[in-house]
Amino acid sequence: MRAQALYDWSLAAESDNWVLNLEYYAHNQSFISSSSNGSLHGFSVASLSSSPYFSIPNAHESSINSIKKIDDFTLASCSTDGVKIWDLRAGSTPVHTLTNTKNSNFLSLGYGHNLLAGGTELVGVDAELHIWDLRNPTEVVRSFVDSHHDDITCIEFHPTISNYLMSGSTDGYVNIYDLNEKDEDDALHQVINFASVHSCHFTGPKRISILSHMETLAFYELNDTNYEVIAEPEPNDLGDVRSKWPDCEYIVDLNTQGYVGVGANSQRKFSLFPFDIAHEKIDLSRPTWFADAHGEEIVRDLVVIPNTRNALTCGEDGHIRLWEMPYELEIASNSPQVAEEGTQDIEVDSDSDNKEKKEKKEKKDKKDKKDKKKKKSDVRFKPY
1 MRAQALYDWS LAAESDNWVL NLEYYAHNQS FISSSSNGSL HGFSVASLSS
51 SPYFSIPNAH ESSINSIKKI DDFTLASCST DGVKIWDLRA GSTPVHTLTN
101 TKNSNFLSLG YGHNLLAGGT ELVGVDAELH IWDLRNPTEV VRSFVDSHHD
151 DITCIEFHPT ISNYLMSGST DGYVNIYDLN EKDEDDALHQ VINFASVHSC
201 HFTGPKRISI LSHMETLAFY ELNDTNYEVI AEPEPNDLGD VRSKWPDCEY
251 IVDLNTQGYV GVGANSQRKF SLFPFDIAHE KIDLSRPTWF ADAHGEEIVR
301 DLVVIPNTRN ALTCGEDGHI RLWEMPYELE IASNSPQVAE EGTQDIEVDS
351 DSDNKEKKEK KEKKDKKDKK DKKKKKSDVR FKPY
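Here the sequence shown is numbered in the UniProt record's numbering, starting from 1 and rising by one per residue.
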């Protein structure tokens, strides 16, 4: 079944510009796009005008690596000049600019429970993960500077267990942190050794998806706090999906609402497949084809607009396209039930001295094992 192209916004004239990410704002049926030339633009889906309602040509000094919706009027973005918070009603000046002492290039963002997390590229021997409370963003409330040894490519807060934060890196590791622990070693709740990480998501109360830059996909169990149990459940490893899914040369991402976007730019093809998150299976019987999509250029982002048959794509050709799909996608609920452990809010100034020594030792042992594993060669980041 084919999707019909409804509208095309072109930013290609802006110095060989790539459109990298989209964030949709349902309250006014609009979206914000980020670009490789450091610009941010906002367009209305309701009015379908070529003129942006929001535009900051020089939002960042170089390519915008990630954007993250905070609320109906707020957006976070990051690049080589740090993390910036924008009020979409207030014009071209950020309301906050956040960075670290190294003035690192920030590659990834995560938001949840009033906290914004930013991950950096590798500087020296470590990449850094910093967390700000947006109710008072003047100071960093947590920093993890020893847990990754290559670029941090993705960050995600658990939707309901507010003290769990996950990060993935090109060093091949996905880390889950307990933010109620002050010490970095103690905060490292779980380490998954996978491959150079493109994206990672909490797909259920205790499930994690990991997609690598080599297009391998697997699902892991989120550990509980019983650190005396050494054996972990075997992952559901789908392997390299390029050999299993039709017309698949790369994956844009696995969306936890229940779909996956795959592309074959050498064939000028892009497709959407429903994905059953609960059973961790793709439905190859109901593809939606986006005819010619973005030509021979890679599709960078896909957004299915909830409660409609519409979708947005953007790509390295500098275009953003609105599509009408043949049917309305059944959006899965992404509301994991709260697990019994770790459900308390983060206490930024809490004292962890009263934690059980045995629990600390088990966490420290896991960190030591991780450090030994990191002696192998790292796989450097690549776009896809």
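In this text, a Cβ means the ideal position worked out from N, Cα and C, and glycines have one as well.
Reduced DSSP secondary structure (H/G/I, E/B, other) of residue i
i: Asp72; result: coil
i: Val125; result: coil
i: Val241; result: helix
i: Ser92; result: coil
i: Gln29; result: coil
i: Asn265; result: helix
i: Arg248; result: It is worth fixing the name first, because residue 248 is Cys in this sequence and not Arg. In this structure, Cys248 counts as coil in the three-state DSSP scheme.
i: Gly168; result: strand
i: Gly110; result: strand
i: Glu296; result: coil
i: Asp178; result: strand
i: Trp18; result: coil
i: Asn103; result: coil
i: Glu23; result: strand
i: Tyr173; result: strand
i: His201; result: strand
i: Leu284; result: coil
i: Asn236; result: strand
Best match in the options for proximity to residue i [C-alpha to C-alpha]
i: residue 386; options: Asp146, Gly318, Tyr177; result: Nothing in the structure corresponds to residue 386, since the chain is present only between 1 and 384.
i: His96; options: Ser199, Leu116, Phe54; result: Leu116
i: Asn114; options: Gly82, Gly204, Leu165, Ile298; result: Leu165
i: Ala26; options: Asp185, Thr288, Asn310; result: Asn310
i: Val45; options: Glu61, Trp18, Glu23; result: Glu23
i: Asn65; options: Asn21, Glu128, Ile85; result: Asn21
i: Cys78; options: Val174, Arg89, Ser39, Val299; result: Ser39
i: Ile161; options: Asp150, Val140, Gly204, Cys314; result: Gly204
i: Gly239; options: Asp247, Ile251, His41, Ala218; result: Ala218
i: Pro137; options: Glu128, Glu156, Leu129, Lys84; result: Lys84
i: Val303; options: Gly295, Glu297, Glu296, Leu312; result: Leu312
i: Leu48; options: Ser34, Ser36, His201, Ala5; result: Ala5
i: Asn37; options: Ala13, Gln29, Asn28, Ser50; result: Ala13
i: Ala127; options: Asp133, Asp87, Gly168, Tyr111; result: Gly168
i: Asp151; options: Leu129, Asp16, Glu139; result: Leu129
i: Asp237; options: Ser62, Phe194, Ser92; result: Phe194
i: His319; options: Glu297, Pro306, Glu328; result: Glu297
i: Ser271; options: Ile277, Ser104, Asp247; result: Asp247
i: Trp132; options: Leu179, Gly91, Cys154; result: Leu179
i: Ile192; options: Phe275, Phe202, Tyr220, Ser50; result: Tyr220
i: Glu328; options: Asn307, Leu322, Cys314, Arg321; result: Asn307
Nearest-angstrom Cα separation, counted from residue j out to residue i
i: Ser108; j: Asn226; result: 31 Å
i: Asn223; j: Gln190; result: 7 Å
i: Arg142; j: Arg207; result: 25 Å
i: Asp71; j: Phe106; result: 21 Å
i: Ser196; j: Val145; result: 19 Å
i: Leu98; j: Glu324; result: 38 Å
i: Val19; j: Ala231; result: 43 Å
i: Glu341; j: Ser10; result: Legend: pLDDT at Glu341 = 37, less than 50; position of this residue unreliable, value from coordinates given subsequently. Rounded to the nearest angstrom, the two C-alpha atoms are 48 Å apart.
i: Asn175; j: Arg89; result: 36 Å
i: Ser147; j: Asp171; result: 10 Å
i: Phe54; j: Lys182; result: 40 Å
i: Ala59; j: Arg2; result: 36 Å
i: Asp16; j: Gly42; result: 19 Å
i: Leu284; j: His198; result: 23 Å
i: Glu280; j: Tyr173; result: 21 Å
i: Gln267; j: Leu211; result: 23 Å
i: Thr101; j: Pro94; result: 20 Å
i: Ser209; j: Gly258; result: 12 Å
i: Asn186; j: Phe202; result: It should be pointed out that residue 186 corresponds to Asp in this sequence rather than to Asn. Straight-line Cα distance between these residues: approximately 21 Å.
i: Asp8; j: Asp317; result: 12 Å
i: Ile155; j: Pro326; result: 33 Å
i: Asp87; j: Thr74; result: 5 Å
Strand pairing of residue i, partner residues [DSSP]
i: Tyr259; result: Asn255, Pro274
i: Cys78; result: Ser66, Val83
i: Lys206; result: Per DSSP, none; premise fails for Lys206.
i: Arg142; result: Ile131
i: Leu115; result: Gly112, Asp133
i: Glu324; result: Gln4, Asn310
i: Glu330; result: For Glu330, which the question treats as bridged, DSSP gives no partner whatsoever.
i: Ser55; result: His41
i: His148; result: Ala127
i: Ser212; result: Val197
Unbroken alpha helix (DSSP H) run spanning residue i, endpoints
i: Asp317; result: Segment: none, Asp317 is in no alpha helix (DSSP H) and carries neither H nor E.
Host beta strand (DSSP E) of residue i (start-end)
i: Asp301; result: 299-304
i: residue 385; result: Residue 385 is absent from the structure shown; the chain starts at 1 and stops at 384.
i: Phe219; result: 216-221
i: Lys48; result: The sequence as given places Leu at residue 48; Lys does not occur at that position. That residue, Leu48, is in no beta strand (DSSP E); it is neither H nor E in DSSP.
i: Ile155; result: 152-157
i: His41; result: 40-44
i: Phe290; result: 288-290
Min CB distance residue i to chain B below 8 Å
i: Val197; result: In the structure shown, chain B cannot be found, because there is only a single protein chain.
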